[in-house]
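Okay, structure first, notes after.
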Amino acid sequence: MEITTNLTNNKKVLQFVKDCAEFAQPDKIVWIDGSDAQRDALRAEAVASGEIIKLNQEKLPDCYLHRTAENDVARVEDRTFICCENEADALPHSIVKWKAPKEAYAMINEIAKGAYKGRTMYVIPYSMGVIGSPFSKIGIEVTDSIYVVLNMIIMTRVSAACYEQLGENGDFVKGFHAKCDVNPEKRYIMHFPEDNTIVSVNSAYGGNVLLGKKCFALRIATYLGKNEGWMAEHMLILGVKRPQDKEIKYVAAAFPSACGKTNLAMLIPPKQYLDAGYEVQCVGDDIAWIRVGEDGRLWAANPENGFFGVAPGTNEKSNPNALAATKKGTIFTNVAYNPEDGTVWWEKLTKQAPANLIDWTGKPWTPDCGRNAAHPNSRFTAPAVNCPCISPEFNSKAGVPLSAIIFGGRRATTTPLVYQSRDWNHGTFVGTIMSSETTAAATGAVGVLRHDPMAMKPFMGYSVDQYFQHWIDMGKKVPADKQPKIFNVNWFRQDEDGNFMWPGFGDNMRVLDWILDRCEDKVEAQETAIGYLPYAKDINIENADITSETLDKLLYVDKARWAAEADEIENYYNENFGDKVPAEIRANLETLKKNCAK
């Protein structure tokens with residue numbers, strides 16, 4: 003098959019496209035160029051075929067609704083593989099499985115050969131990161147899904163300029179996606195880090211098929227970062243403008259799904275903070291690529307161009323900035339449709355549900371029918387530029403310098419509201435012991451406590467022990483006085499009646515304020531068995547819905563509980579990683595045990 007295009011003469015791109023075409027056998031090939039005209043034509047084609055539904059263009063301009071198959075609604079971690087030659091480079095892994103590349107390619111050959119017959123193959127050039135930035139990496143994804151093309155245009159920087167950056171011989175991450183017949187028994191997400199390749203078959207759900215997202219930006223990027231001396235992390239990036247600071251301070255934070263990551267990334271401070279001149283700016287809500295800058299500090303950039311957010315629970319109160327971002331140019335997936343006004347709805351969008359909707363499966367829905375109108379993991383794909391609090395540095399080629407790194411989970415007991423690590427290696431240890439209850443974002447049981455080191459459990463592109471070691475190694479690249487300080491937060495402590503003790507949402511600014519004061523050495527802290535804790539007087543709770551007694555409880559470190567936690571952590575390490583846990587991390591566990599025994 004002859005492959006011709008005027009977009010690129012990169013021999014590797016042309017060969018990749020030729021190989022994919024000969025393998026999948028499409029009826030035709032469409033080269034995506036990122037132009038508005040081509041995007042609009044694809045939208046019209048997808049509406050005509052029923053793949054997407056055009057929404058009310060007055061209320062939601064350029065917005066569309068898509069429904070996936072009912073068996074295809076979340077990431078499939080049990081069918082996600084790292085395919086490298088040496089099993090020890092992939093295992094032990096928290097979730098992802100290993101398969102030898104030869105065996106994996108044979109499986110794909112059996113499942114997807116000829117999968118594009120009767121279909122169109124789209125060739126998508128995209129950049130993770132601002133094109134031309136030292137952070138940026140180019141990918142080419144081929145797919146048989148217009149839905150994928152339209153989402154990639156939102157989530158990444160899709161442009162013919164990607165080919166210019168590649169030149170005649172540049173390398174790129176290869177992505178092959180085929181819907182096949184959306185058979186869950188033959189659904190696989192395969193990563194070949196040594197080949198710079200991702201393959202996804204038998205899914206049409208966002209997280210499995212938008213290959214720039216978790217597959218490239220985390221799994222492949224973690225492998226590239228390990229080899230090239232940088233980090234790819236499941237972290238938001240935000241900037242805080244405070245009247246007392248000369249410059250905006252930037253923070254990266256890692257939270258598992260449904261632990262308030264997007265809410266924190268787009269936080270609106272309480273009124274008294276706003277009146278004083280505080281402002282939070284969102285650089286990114288999900289992924290951070292982190293490098294050592296010329297000044298020796300760690301600098302972070304968001305490689306994405308949009309938000310892939312969970313719809314249920316997003317509303318004017320919980321996250322007005324995220325909601326505002328969905329008001330134009332957005333694709334909604336598996337939410338409910340309101341036929342009366344051509345808009346969408348999901349649980350908790352409004353206090354009162356509309357009287358008649360079409361649910362996420364296409365069936366009529368009423369408030370008393372006993373079913374969810376939107377799937378619990380329904381999504382929106384929204385352009386980041388729509389966000390009212392998007393950072394002026396969002397398109398910066400340099401990224402932003404990090405003052406702090408924050409870890410957090412969803413814990414009802416034990417873990418205090420906030421504490422600071424003693425140093426980089428202790429902070430790394432704190433990241434490795436993150437745990438949280440499971441959510442609907444990943445298939446499996448809901449409400450079960452699971453360990454999620456650095457919120458990267460499903461997203462590491464190589465073995466966990468090497469990932470932990472890479473954190474230790476990155477600390478050695480940065481002088482101690484230039485390292486971001488590392489913290490842990492827990493917005494989810496509960497009282498004896500199961501009520502949340504901390505008000506959360508905008509009030510999390512009060513904790514951020516203390517964190518930044520610590521980064522500036524403006525406040526003292528008390529040393530405890532687990533690290534540095536705030537003095538209660540240094541957390542501003544003026545006008546907050548919380549008493550000083552409750553704050554004291556939130557800042558209490560129960561040594562007996564932490565001694566039991568240390569035993570549980572040791573079991574987790576031993577059962578999952580054995581003797582492969584880096585010595586620096588083991589040493590911090592021993593310190594925790596000794597501190598709790600005092």
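Numbered according to my numbering, the sequence shown spans residues 3 to 600. All residues carry an ideal CB built from backbone N, CA and C; glycine is no exception. The structure displayed is predicted, hence computed values, not measured ones.
Taking 8 Å as the cut-off, the beta carbon of E306 is found closer than this to the beta carbon of G286.
Just measuring C-alpha positions, the residue of R563, S138 and W33 sitting nearest N397 is S138. Assignment of S161 by DSSP, reduced to helix, strand and coil, places it in the coil class. L57 sits away from T328, with the two beta carbons spaced by 8 Å or more. Distance check between A26 and each of A114, L535, E567 and V387 places A114 closest, using alpha-carbon atoms only.
Taken atom to atom, the span from the alpha-carbon of E529 to that of P536 is near 9 Å. A straight line joining the alpha-carbon of D42 with that of A302 spans about 33 Å. Counting the other Cβ atoms within 10 Å of the Cβ of D146 gives 16 or more, which makes it buried.
C-alpha of V132 to C-alpha of K399: approximately 6 Å in a straight line. Just measuring C-alpha positions, the residue of L404, K555 and E592 sitting nearest D569 is E592. Take the alpha-carbon of R299 and the one of P356: they are about 51 Å apart. The residue among R45, K119 and Y165 with its C-alpha nearest the C-alpha of N8 is Y165.
Taking C-beta atoms under 8 Å as the contact rule, M192 and V201 qualify, at a distance of about 4 Å. In this structure, DSSP gives F431 a helical state, which the three-state scheme calls helix. The beta carbon of K20 sits closer than 7 Å to those of M3 and I5, all from its chain and outside the five residues before and after it, given in chain order. Rounded to whole angstroms, the separation of the alpha carbons of N321 and P28 is 43 Å.
Inclusion of Y574 and H472 in the CB contact set at 8 Å is not warranted, their separation being larger than that value. Leaving aside the five residues that flank E572 on each side, the residues in its chain whose CB is nearer than 7 Å to its CB run, in chain order, L591.
I543 is not a Cβ neighbour of R520, given a cutoff of 8 Å. The three-state secondary structure of F194, taken from DSSP, is strand.
Proximity to I142 across S135, I148, G134 and M154 peaks at M154, based on C-alpha coordinates. Within the segment 341-407, the runs of beta strand (DSSP E) that reach at least 3 residues and sit entirely inside it are, in chain order, 345-347 and 381-385. Between V203 and C182, the C-beta spacing is below 8 Å. Judged by beta-carbon spacing, M157 lies within the 8 Å limit of F310, meaning their Cβ atoms are closer than that value. When the five nearest sequence neighbours on each side are left out, the beta carbons in the same chain lying within less than 7 Å of the beta carbon of F507 are those of N265 and S320, in order along the chain. Out of H95, C86, I97 and P94, the CA that lies nearest to the CA of E105 is found in C86.
Within a 10 Å sphere around the beta-carbon of Y421 sit 16 or more other beta-carbons, which makes this residue buried.
For H472, the uninterrupted alpha helix (DSSP H) segment begins and ends at V466 to K479. For H453, the pairing in a beta bridge is given by DSSP as S437. For G311, the enclosing beta strand (DSSP E) has its first and last residue at G308 to V312. Rounded to the nearest angstrom, the gap between the Cα atoms of C389 and E72 is 30 Å. DSSP, read as helix, strand or coil, puts I270 in coil. Rounded to the nearest whole angstrom, the CA to CA distance from F178 to T122 is 13 Å. In this structure Q274 touches N545 by the C-beta definition: roughly 6 Å separates them, less than 8 Å.
By the criterion of a C-beta distance shorter than 8 Å, S465 is surrounded in its chain by A90, D91, A92, L93, P94, H95 and K582, once the five residues flanking it on both sides are discounted. Annotation for E572: the continuous alpha helix (DSSP H) segment containing it runs K561 to N578.
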